[in-house]
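Enquirer: Residue numbers in the sequence shown follow our numbering, run continuously in steps of one, and reach 224 at the last position. Have a look at this one.
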Amino acid sequence: MDLAGFPKDRFWLYQSRWRPDLKFAHILPHWSWPGREGQVTPVHVFTSADEAELFINGKSQGKQKRAPFAYRFRWDYTVYEPGEVKVVTWKQGQPWATQTVTTTGAAAALSVDTDRSRIAGDGRDLVFVTVRVQDAKGRTTPTASNTIRFTVSGPGELIATDNGDPTSFIPFPSATRPAFNGLALAIVRARPGAKGAITVGAQSDGLAHGTITLTAR
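Put into structure tokens, the structure is as follows:
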């Protein structure tokens, strides 16, 4: 996990080793690379499956069986072209899991989500609010770094923000935070003894803003 608690690619590697029963496949890297058209761009997959086949825009890049001691599947000579990357996996001859990654468009809006909608009004309970920079089709843009301004209205307050960037020197209490890999985080609490609706907002120039409402009880 990064500093904001967002899963890194290696998160899925550990899942594949520690949870061999978990049906999933994770493609890396993302598939939004303007300017890399026609260049070799390797694709790797973390999964607990023992066979995998990769497709780029519907064309097979080859089917592989897991090699002894290998911890990932690798297609090292794939060429980048915008569109869709899909992996299909099998385990012991049976279908296991699939994943699809697509090229995203320009940043268009902020999506706001939270780990839960209720918060205790004791001044100690915390809610973690995730903001995603999305394109017009609602897909998280993995290279977005738009500056996001957080607001909190009602009987609540902003405690900290983060984005997982280990090189950032922005203080945690700052209400302004650039997205990192298209993500940012706000940590909110209710004021002691408070009850009622708390609205958390996220704004960025040129993007549709996002809000979410929590309930202090």
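Glycine is no exception: its CB is placed at the ideal position from the N, C-alpha and C atoms.
Could you pull out every unbroken beta strand (DSSP E) segment of at least 3 residues lying fully inside the segment 194-221, listed in chain order?
Expert: 203-210
Enquirer: State the Cα-Cα distance for the pair residue 69 and residue 154, rounded to the nearest angstrom.
Expert: 40 Å
Enquirer: Under DSSP, the alpha helix (DSSP H) around residue 20 begins and ends at which residues?
Expert: 16-25
Enquirer: In angstroms with no decimal places, state the Cα-to-Cα distance between residue 124 and residue 206.
Expert: 11 Å
Enquirer: Quick check: residue 59 and residue 71, are their CB atoms within less than 8 Å of each other?
Expert: yes
Enquirer: With a cut-off of 8 Å on the beta carbons, I'd call residue 165 and residue 138 a contact; round off their distance for me.
Expert: Between residue 138 and residue 165 the Cβ distance is about 13 Å, and since that is not below 8 Å, they are no contact.
Enquirer: Roughly how many angstroms separate the alpha carbons of residue 144 and residue 191, rounded to a whole number?
Expert: 19 Å
Enquirer: State buried or exposed for residue 67, treating a residue as buried only when at least 16 other CB atoms are found within 10 Å of its CB.
Expert: Exposed, by the Cβ-count rule.
Enquirer: Hey, how far is the Cα of residue 201 from the Cα of residue 224?
Expert: When only Cα atoms are considered, residue 201 and residue 224 end up about 7 Å apart.
Enquirer: Assuming residue 242 is part of the beta strand (DSSP E), what are its boundary residues?
Expert: Here the chain comprises residues numbered 8 to 224, so residue 242 is not present and cannot be evaluated.
Enquirer: If you measure between the beta carbons of residue 52 and residue 80, is that distance less than 8 Å?
Expert: Yes, these two residues count as a Cβ contact at 8 Å.
Enquirer: Would you list the residues sitting across from residue 98 in a DSSP beta bridge?
Expert: Answer by DSSP bridge pairing, in chain order: 101.
Enquirer: If we ignore side chains and look at the alpha-carbon of each, how far apart do residue 35 and residue 91 end up?
Expert: Using only the alpha carbons, I get a separation of about 13 Å.
Enquirer: Could you give the DSSP three-state label for residue 118: helix, strand or coil?
Expert: The answer is strand: DSSP assigns residue 118 an E or B state.
Enquirer: How should residue 95 be labelled, buried or exposed, when 16 other C-beta atoms within 10 angstroms of its C-beta is the threshold for buried?
Expert: Here residue 95 is buried, its C-beta having at least 16 other C-beta atoms within 10 Å.
Enquirer: Shorter than 8 Å from the beta carbon of residue 197 to some beta carbon of chain C?
Expert: Annotation note: the requested chain C is absent from the structure, which comprises a single protein chain.
Enquirer: With a threshold of 6 Å on Cβ separation, who are the neighbours of residue 89 within its own chain once the five nearest residues in sequence on each side are excluded?
Expert: 110
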